[in-house]
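As you go down the protein sequences, you meet chains L and S in turn.
In short: position in the first sequence from 1, add 24, done, that's the working numbering.
For the second sequence, position 210 (counting from the first letter as 1) is numbered 192 according to the working numbering, and the numbering increases by one without interruption.
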Amino acid sequence: MEGFSPGFTGRPRAQSQGLPPGQYVTESFPVLSAGATPRPSPTDWELTVRTETGTVSRWSWSEFLELPAEHVTCDIHCVTSWSKLGTSWRGVSVDTLLDGTDTSAGFVMARSYGGYTTNLPLGDLLGGKAWVATEFDGRPLEPEHGGPARLLVPHLYFWKSAKWLTGLDLLVSDSQGFWERNGYHRRGDPLLEQRYS
Amino acid sequence: MSWMPTLVVGARRETSEARTLELAITGWPGHVAGQHVDVRLTAEDGYTAVRSYSIASSAGSRRLEITVDRLDDGEVSPHLVDTLEPGHRIEIRGPAGGWFVWRPTEPVPQRPLQLIGGGSGIVPLMSMIRTHAEASSATPFRLLYSVRTPELALFRDELVRLERDDAHLDVTWAFTRVSPAGFPTPPARLDRSSSVAAVFAPELGAVTYVCGASPFVESVTGWLVDAGHLADDIRTERYGG
Chain L
25 MEGFSPGFTG RPRAQSQGLP PGQYVTESFP VLSAGATPRP SPTDWELTVR TETGTVSRWS
85 WSEFLELPAE HVTCDIHCVT SWSKLGTSWR GVSVDTLLDG TDTSAGFVMA RSYGGYTTNL
145 PLGDLLGGKA WVATEFDGRP LEPEHGGPAR LLVPHLYFWK SAKWLTGLDL LVSDSQGFWE
205 RNGYHRRGDP LLEQRYS
Chain S
-17 MSWMPTLVVG ARRETSEART LELAITGWPG HVAGQHVDVR LTAEDGYTAV RSYSIASSAG
43 SRRLEITVDR LDDGEVSPHL VDTLEPGHRI EIRGPAGGWF VWRPTEPVPQ RPLQLIGGGS
103 GIVPLMSMIR THAEASSATP FRLLYSVRTP ELALFRDELV RLERDDAHLD VTWAFTRVSP
163 AGFPTPPARL DRSSSVAAVF APELGAVTYV CGASPFVESV TGWLVDAGHL ADDIRTERYG
223 G
């Protein structure tokens, strides 16, 4: 645009170097959610992976904790423009959950306790790019940040990292999740600044 | 959605901490009450900063006004509250958001609306209240507004006037640090019982909108769910870490 904002200087430039376009760094961990925080009890909690043909894999909380988990350190980027650098998580790779699953699906709908959904290309969840996380900063994940378990897909805007995860449904064709129906982008790549649809 | 050159055509101080900016955009499509816009500022060297702000003006007016509360360590809000003047230009992207919104034609069939705001969380709710009044909507509206002091309350005179003139609007004030002179109760933080007592009873099936700082929203929504309000009927918008 023509000109600039007179008197606006902004923060030191070093903070924003290497960030996706339009993002700024925050030290806090803001919470965004569309409704009340669901609190499933460990005895009721389960995670399912359902293929396009209806085959279901299912883990209880204790079974899930038996799966091999990995430490993940990553930057996260919220569509509301904050980024948090060097966050530390522990979780199970989605590759592990889908290992041996027979599917020709190209897409996934992640489903959460409380009814939240978000859609992703399956390719964004495989190849060491996505986890189901149960710990943040060495502690069990707080309910308001998605505990007991949330999806972690750090290379996409953070609304794709569904909190309170309970299901991954494999789909042959793409479909819109909650924010995607409410004006947000189908894929949400921060490097391409895919915020709104 | 692309950036639109925007002219600041007016600025009104609301409190010592907050100001309303009246913005003019050629071809502005209008908004739905509750939506927000992204604001982009550009420094002399080309550096840009973007933040989101709720729209305060009514949908029916087709005017675009944002009310901004200053965050002391903020990068963008101090500039919007203290520096920007009419005649200056900024850039706007929006309107955005399809969830924390209300249209006078919704919901069908009609249900009451419970609005709960903490601090500057009142802003998107104010757009709904103004839209409700201008449309002469018969949807029962109830607002619970928690604020530290009368001086920091946004839109206080207007809310008092609208409550008097809009037969379907009821306002409950919760002053947490200082109550105004003559106010019936001493200042107190909202708690479980005062929150539950101030809202429509669960059996009335209201749709509830809660906006404020994250801990405020977390507490209030938790109390409402415990009191029998359906989680599916509660919509939230939060700010801060």
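Glycine residues also receive a C-beta, built at the ideal position from the N, C-alpha and C atoms.
Bear in mind that the values here come from a model prediction, so they are computed numbers and not experimental data.
Close-in-space but distant-in-sequence residues of the same chain around residue i (CB under 6 Å, 5 per side omitted)
| i | result |
| --- | --- |
| Ala154/L | Val118 and Val177 |
| Gly222/S | Ala195 and Ser196 |
| Met25/L | Since pLDDT at Met25/L reaches only 47, below the 50 mark, its modelled position is unreliable, and the value read off the structure follows with that caveat. None. |
| Leu53/S | Ser59 |
| Glu140/S | none |
In DSSP terms, what residue i is bridged to
| i | result |
| --- | --- |
| Phe253/S | Nothing can be reported for residue 253/S: it is not among the residues displayed for chain S, which extend from -17 to 223. |
| Met133/L | Asn143/L and Asp193/L |
| Arg114/L | His95/L and Glu159/L |
| Cys193/S | Gly99/S and Glu219/S |
| Phe157/S | Val129/S |
| Tyr208/L | Tyr220/L |
| Ala6/S | Leu(-11)/S |
| Thr120/L | Answer is none; Thr120/L lacks a bridge partner. |
| Arg33/S | Val21/S |
| Pro164/L | Glu159/L |
| His13/S | According to DSSP, which records beta bridges pairwise, His13/S is partnered with nothing at all. |
| His101/L | Ser107/L |
| Glu140/S | Answer is none; Glu140/S lacks a bridge partner. |
Supposed contact pair residue j and residue i - C-beta distance, whole angstroms, cut 8 Å
| i | j | result |
| --- | --- | --- |
| Gln156/L | Gly115/L | In the sequence as presented, Gln is not what sits at residue 156/L; that position holds Val. Indeed, because the Cβ distance is near 5 Å, the residues count as touching under 8 Å. |
| Ser59/S | Val50/S | 5 Å |
| Leu5/S | Ile98/S | With 8 Å as the limit, Leu5/S and Ile98/S do not qualify as a contact, their Cβ atoms being about 27 Å apart. |
| Arg211/L | Leu180/L | 7 Å |
| Arg146/S | Ser105/L | The pair is not a contact, with the Cβ atoms about 39 Å apart (cut-off 8 Å). |
| Asp215/S | Val189/S | 5 Å |
| Ala186/L | Ser136/L | 5 Å |
| Ile72/S | Arg(-6)/S | Actually they do not touch by this definition, with Cβ atoms about 17 Å apart. |
Beta-carbon proximity list for residue i, same chain, < 8 Å, skipping 5 on both sides
| i | result |
| --- | --- |
| Gly151/L | Asp119 |
| Thr121/S | Pro86, Gln92, Arg93, Pro94, Leu95, His114 and His150 |
| Phe131/L | Asn143, Leu144, Pro145, Leu146, Leu194, Leu195, Val196, Ser197, Asp198 and Ser199 |
| Arg35/L | Tyr48 |
| His169/L | Phe53, Val55, Phe160 and Lys187 |
| Val96/L | Ser112, Trp113, Arg114, Gly115, Trp155, Ala157, Leu176 and Pro178 |
Option nearest residue i by Cα separation, candidates the options
| i | options | result |
| --- | --- | --- |
| Arg112/S | Ser128/S, Tyr29/S, Ala15/S and Cys193/S | Ala15/S |
| Trp155/S | Arg143/S, Asp148/S, Arg146/S and Arg138/S | Arg138/S |
| Pro214/L | Gly46/L, Phe32/L and Pro30/L | Gly46/L |
| Val80/L | Asp126/L, Glu159/L and Phe182/L | Asp126/L |
| Pro30/L | Tyr29/S, Val189/S, His70/S and Ser(-16)/S | His70/S |
| Leu212/S | Phe53/L, Glu51/L, Pro62/L and Val55/L | Pro62/L |
| Gln39/L | Thr30/S, Glu26/S and Arg22/S | Thr30/S |
| Pro92/L | Gly138/L, Ala129/L and Asp123/L | Asp123/L |
| Gly201/L | Pro77/S, Trp81/S, Ala0/S and Asp55/S | Trp81/S |
| Pro167/L | Arg37/L, Pro66/L, Leu43/L and Gly42/L | Pro66/L |
| Glu67/S | Ser118/S, Arg1/S and Val129/S | Arg1/S |
| Thr33/L | Trp(-15)/S, Gly56/S, Val19/S and Gln17/S | Gly56/S |
| Asp27/S | Val73/L, Pro44/L, Gly42/L and Arg37/L | Arg37/L |
Beta-carbon contacts of residue i that lie in its chain and below 7 Å, excluding the five residues immediately before and after
| i | result |
| --- | --- |
| Trp205/S | Arg174, Ser177 and Val178 |
| Met133/L | Thr141, Asn143, Asp193, Leu195, Ser199 and Gly201 |
Closer than 8 Å: residue i CB and nearest the ligand ZN heavy atom
| i | result |
| --- | --- |
| Leu144/L | The ligand ZN is not part of the structure shown, which contains no ligands of any sort. |
Subject >> Members of the region 62 to 88 of chain S that neighbour chain L once the beta carbon cut-off is set at 7 Å >> reply: Thr65, His70, Arg71, Ile72, Glu73, Ala78, Gly79, Gly80 and Trp81
Subject >> Near-chain L residues of the region 30 to 47 of chain S - C-beta to any C-beta below 8 Å >> reply: Thr30, Ala31, Val32, Arg33 and Ser34
Original post:
Looking at chain S, which residues of the region 56 to 67 of chain L have a Cβ within less than 8 Å of any of its Cβ atoms?
Top reply: Leu56, Ser57, Ala58, Gly59, Ala60, Thr61 and Pro62
Original post:
Taking any Cβ of chain L, which residues in the region 7 to 33 of chain S have a Cβ under 7 Å from it, in chain order?
Top reply: Leu23, Thr24, Ala25, Glu26, Tyr29, Ala31, Val32 and Arg33
**OP:** Could you please tell me which residues of the region 156 to 186 of chain L, in chain order, have their CB closer than 7 Å to any CB of chain S?
**Re:** Glu168
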